[in-house]
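Printed below as a string of structure tokens:
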């Protein structure tokens with residue numbers, strides 16, 4: 082236990098030390114002034130950027146209202162999803178298909194295209210036996226970049242709402258998109274891909290290798306342009322693997338190093354975005370309060386999962402096999418876990434990946450103990466709030482913050498305000514829509530799935546666990562997470578329902594974020610007075626944690642009792 | 239405005255697909271083939287001119303003269319082109335049955351070489367499937383349990399086999415992160431290279 086706790090603590094310390102400066106860097110990248118480009122050695126970057134705007138026929142300097150910003154974002158996204166759908170459907174007739182895979186079926190293509198567009202990366206297919214190199218590399222991996230950049234763009238637009246006064250505009254979509262892609266995601270991807278290749282992630286266009294095993298059998302070894310895709314899969318909190326078992330496969334997550342490195346990539350931008358917000362609003366203490374609330378829930382998740390998995394499951398204890406931790410083995414519930422990761426690394430990865438809506442996995446969630454498996458489930462219930470996906474996590478928590486200052490304002494009988502902006506009926510309505518819509522979506526679709534024969538056909542494990550699988554599937558897709566209790570199967574019914582789940586789960590909160598940006602940005606700044614509720618205090622951290630648990634948690638708690646809680650009682 | 243959005247979107251889609259979908263992976267592949275040729279191709283292991291497997295993938299070992307891998311849920315077992323979790327939930331009766339069967343099989347195989355062996359000494363990783371189905375490693379505990387059988391069948395001193403285990407153990411990264419494990423294919427290959435049976 083002690084050794085496990087030590088490695089987790091050191092990892093988290095290194096992560097925060099890197100995320101802080103990275104957040105400040107991001108704040109510079111998106112600043113309204115072009116100081117970032119005109120300054121010194123980075124001036125050469127200006128030419129390709131201006132070239133891009135000229136080619137697409139946009140003038141960067143043109144500020145957009147939130148509605149214009151949204152229309153550009155939606156138009157771009159929906160054309161792109163159409164393009165991806167077509168590539169998947171006709172991959173059998175295209176090049177870079179050494180394994181001769183046929184076109185992907187209509188329902189899996191719809192589900193997958195929606196999935197990658199929305200930064201979900203839910204996968205109803207097994208990558209290494211379904212997707213051509215072309216589909217993986219020029220279809221899915223491109224969306225890993227683009228969907229992450231779109232999330233960052235929406236976040237930056239919302240940040241502008243808090244700092245601008247009486248403004249009708251929120252920035253320019255193409256400028257934010259370009260900068261997120263080229264100055265934030267690309268440099269990280271280049272460095273990460275090189276490191277991943279060095280530690281063993283394949284990067285080749287050769288077809289799958291065939292080995293003659295030591296005892297004379299044959300083994301086909303799947304490979305391809307993996308590292309370039311896996312790098313951005315983590316950086317963009319996408320999570321969709323090249324292989325079916327995702328980063329649990331040693332080719333995708335090699336060595337004990339692999340899991341921690343990939344988790345570091347996943348958490349760098351979401352952690353950094355909180356510090357970026359602090360710099361942006363010139364109020365780091367406010368950001369630290371947000372960080373403290375998020376981090377508390379993160380730490381609890383890691384602790385519970387680690388303790389529960391190390392304790393092991395009833396089946397293992399009853400079987401009599403040795404699950405005790407010692408110098409010779411990790412012990413605990415090693416079902417669907419890898420030796421090199423053990424229980425500690427698996428716990429911190431599982432918690433991080435489900436909190437950030439990445440959905441990559443190094444250990445099977447379906448086979449975790451009831452209490453251990455409740456951690457990823459709770460995290461995806463909370464949605465994109467505690468850290469959350471790149472971009473989407475920050476606008477997710479800002480909805481909750483608005484609700485929190487509103488409730489706090491009601492308690493003391495004053496007009497609520499946040500960062501000098503009055504929070505009025507309109508903002509509260511928008512924030513409530515953004516915060517509560519996913520829960521409504523999840524419960525409706527999970528109920529539809531449980532109530533129909535076609536829905537039940539997807540379930541793999543019997544009993545209460547089967548209900549948990551269903552609930553997890555619709556929660557994961559609505560929250561654009563993409564991790565799974567992976568027994569849940571991709572029937573045509575579940576694929577279409579899931580695709581709808583992902584599209585609405587992504588774009589309704591995103592639209593709310595931009596609407597909020599427009600509404601808040603148009604307001605004047607009111608000076609803080611003695612009666613202003615402080616949002617950089619310990620009290621606020623407590624209020625915020627409470628609000629997170631109330632909004633997201635209580636909505637879904639009744640459903641939780643039908644799944645893991647029943648199962649835990651039967652256990 | 240609609241037309242402007244469409245034009246800007248289509249051009250962006252083409253540019254981004256060309257850059258992130260082709261240029262980026264192609265440059266990375268070129269770099270990999272020069273700087274890390276072995277890793278880039280899947281860390282394949284060559285022996286007598288043949289590819290015998292990858293140091294990152296488990297493969298089937300059923301002979302009593304070899305170390306055995308962890309159970310795998312892929313079909314067939316250790317399918318490195320069809321990885322999968324077992325997805326067996328903690329209350330699924332199928333998990334209880336599988337654990338029982340696997341424990342029984344390990345007992346039957348190892349007991350002749352480990353007198354007095356009981357189910358309580360079987361390490362958990364020997365009876366439950368890995369996450370990938372091709373976990374190339376087993377725990378030190380499972381390797382030591384098997385070392386008595388392998389040494390006896392191969393007529394090797396136990397110390398020789400145990401030294402090989404030590405040699406093929408991947409420690410924690412930087413001595414702190416993750417867990418250590420023994421690479422089964424590399425270990426078995428080392429045994430073959432020792433000669434003997």
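Chains as they are written, first to last, in my numbering: chain W, 82 to 652; chain A, 239 to 435.
Beta carbons: idealized from backbone N, C-alpha and C, even for Gly.
Problem set entry | Range of the contiguous alpha helix (DSSP H) that encloses residue 592 (chain W) | That run of the alpha helix (DSSP H) goes 573 to 602.
For this session: Can you tell me which of W:471, W:157 and W:613 puts its alpha carbon nearest to the alpha carbon of residue 243 (chain A)?
Result: Taking residue 243 (chain A) as reference, the option from W:471, W:157 and W:613 with the minimal CA-CA separation is W:157.
Exercise. Based on Cα-Cα distance, which residue from W:196, W:205 and W:211 lies nearest to residue 182 (chain W)?
Worked result: Out of W:196, W:205 and W:211, W:211 has the C-alpha closest to the C-alpha of residue 182 (chain W).
Exercise. What residues in its chain sit with their C-beta under 8 Å from that of residue 435 (chain A), if we drop five residues either side in the sequence?
Worked result: Note on residue 435 (chain A): pLDDT 45, under 50, position unreliable in the model; the coordinate value appears next. Here the set comprises 303, 391, 392 and 393.
For this session: Please list the partners that residue 371 (chain A) has in chain W, where partner means a Cβ-to-Cβ separation under 7 Å.
Result: The answer, in chain order, is 326.
Exercise. Under 8 Å between C-beta atoms, does residue 418 (chain W) make it to chain A?
Worked result: A Cβ of chain A is located within less than 8 Å of the beta carbon of residue 418 (chain W).
For this session: Could you check if residue 127 (chain W) is buried or exposed, using at least 16 other CB atoms within 10 Å of its CB as the buried criterion?
Result: Residue burial is scored here from C-beta neighbours: residue 127 (chain W) has fewer than 16 other C-beta atoms within 10 angstroms and is therefore classed as exposed.
Problem set entry | residue 256 (chain W) and residue 419 (chain A) closer than 8 Å at C-beta | No, the pair does not count as a contact, with Cβ atoms beyond the cut-off.
Exercise. On the three-state DSSP scale, how would you describe residue 282 (chain A)?
Worked result: Correct three-state label for residue 282 (chain A): strand.
Exercise. Are the Cβ atoms of residue 367 (chain A) and residue 310 (chain A) separated by less than 8 Å?
Worked result: Their beta carbons are under 8 Å apart, which means residue 367 (chain A) touches residue 310 (chain A) by this criterion.
Problem set entry | residue 88 (chain W), enclosing alpha helix (DSSP H) - first and last residue | Where residue 88 (chain W) is concerned, the enclosing alpha helix (DSSP H) starts and stops at 83 to 110.
For this session: Starting from residue 373 (chain W), follow the alpha helix (DSSP H) in both directions and report where the run begins and ends.
Result: Where residue 373 (chain W) is concerned, the enclosing alpha helix (DSSP H) stretches over 365 to 392.
Exercise. Can you list the alpha helix (DSSP H) stretches of 4 or more residues lying completely in the stretch 289 to 334 of chain W, in chain order?
Worked result: Uninterrupted alpha helix (DSSP H) stretches at least 4 residues long and entirely within the stretch 289 to 334 of chain W occur at 307 to 316, given in chain order.
For this session: Note down, in chain order, all residues in the stretch 407 to 435 of chain A with a beta-carbon under 9 Å from any beta-carbon belonging to chain W.
Result: Those residues of the stretch 407 to 435 of chain A placed with their C-beta closer than 9 Å to a C-beta in chain W are 408, 409, 410, 411, 412, 414, 415, 416, 417, 418, 419, 420, 423, 426, 427 and 430, ordered along the chain.
For this session: Quick one: which unbroken alpha helix (DSSP H) runs of 4-plus residues sit fully inside the stretch 506 to 577 of chain W? Chain order, please.
Result: The DSSP assignment places 506 to 532, 534 to 537 and 545 to 559 as complete runs of the alpha helix (DSSP H) inside the stretch 506 to 577 of chain W, in order along the chain (cut-off: 4 residues).
Exercise. Chain A beta carbons: is any one of them nearer than 8 Å to that of residue 209 (chain W)?
Worked result: So yes, residue 209 (chain W) belongs to the interface.
Exercise. Does the beta carbon of residue 424 (chain A) fall short of 7 Å from some heavy atom of the ligand NAD?
Worked result: The model on display carries no ligand, and the ligand NAD is accordingly not part of it.
Exercise. With DSSP run on the structure shown, which of helix, strand or coil describes residue 396 (chain W)?
Worked result: Secondary structure at residue 396 (chain W): helix, using DSSP grouped into helix, strand and coil.
For this session: Specify the secondary structure class of residue 288 (chain A) as computed by DSSP and reduced to three states.
Result: In the structure shown, residue 288 (chain A) adopts extended strand secondary structure according to DSSP, grouped into three states.
Exercise. Is the stretch 376 to 386 of chain W close to the stretch 296 to 306 of chain W, with three or more CB pairs under 8 Å?
Worked result: The stretch 376 to 386 of chain W is not in contact with the stretch 296 to 306 of chain W.
Problem set entry | Contact the stretch 226 to 236 of chain W vs the stretch 189 to 200 of chain W: 3+ CB pairs below 8 Å | Verdict: yes, contact present.
Exercise. Tell me which same chain residues have a C-beta within less than 7 Å of the C-beta of residue 294 (chain W), skipping the five on either side of it?
Worked result: The beta carbon of residue 294 (chain W) sits closer than 7 Å to the beta carbons of 300 from its chain, once the five residues preceding and following it are set aside; these are given in chain order.
Problem set entry | Cβ neighbours of residue 504 (chain W) in the same chain (closer than 8 Å, five flanking residues each side left out) | Sequence-distant partners of residue 504 (chain W) (beyond 5 residues in either direction) whose C-beta falls short of 8 Å from its own C-beta, in its chain, are 483, 486, 487, 490, 496, 497 and 498.
Problem set entry | CB of residue 480 (chain W) within 8 Å of CB of residue 516 (chain W), strictly | A contact, by the Cβ cut-off of 8 Å.
For this session: Would you kindly report the start and end of the unbroken alpha helix (DSSP H) that includes residue 420 (chain A)?
Result: Where residue 420 (chain A) is concerned, there is no enclosing alpha helix (DSSP H), although the beta strand (DSSP E) around it starts and stops at 419 to 421.
Exercise. Taking just the CA atoms, how far does residue 221 (chain W) sit from residue 308 (chain A)?
Worked result: Near 32 Å, if we compare the C-alpha coordinates of residue 221 (chain W) and residue 308 (chain A).
For this session: Throw me the rounded Cβ distance for the residue 100 (chain W) and residue 352 (chain W) pair, which I believe falls under 8 Å.
Result: Distance from residue 100 (chain W) to residue 352 (chain W) at the Cβ level is roughly 4 Å; contact confirmed, criterion being Cβ atoms closer than 8 Å.
Exercise. In or out: residue 98 (chain W) buried (at least 16 other Cβ within 10 Å) or exposed?
Worked result: Around the CB of residue 98 (chain W), fewer than 16 other CB atoms lie within 10 Å, so the residue is classed as exposed.
Exercise. Taking Cβ positions, are residue 417 (chain W) and residue 415 (chain A) nearer each other than 8 Å?
Worked result: One thing to note: residue 417 (chain W) has its Cβ no nearer than 8 Å to the Cβ of residue 415 (chain A).
Exercise. Given a limit of 8 Å on CB to CB distance, which residues of the stretch 277 to 297 of chain W reach chain A?
Worked result: Cβ contacts with chain A come from 278, 279, 280, 281, 282, 283, 284, 285, 286, 287, 289, 290, 291, 292, 293, 294, 295 and 296.
Exercise. Can you give the Cα-Cα distance for residue 282 (chain A) and residue 276 (chain A), rounded to whole angstroms?
Worked result: Note on geometry: alpha-carbon atoms of residue 282 (chain A) and residue 276 (chain A) lie some 7 Å from one another.
For this session: Return yes when the Cβ of residue 252 (chain W) is within less than 8 Å of the Cβ of residue 237 (chain W), no when it is not.
Result: Yes.
Problem set entry | Residue environment, residue 401 (chain A), which counts as buried when at least 16 other CB atoms sit within 10 Å | It counts as exposed.
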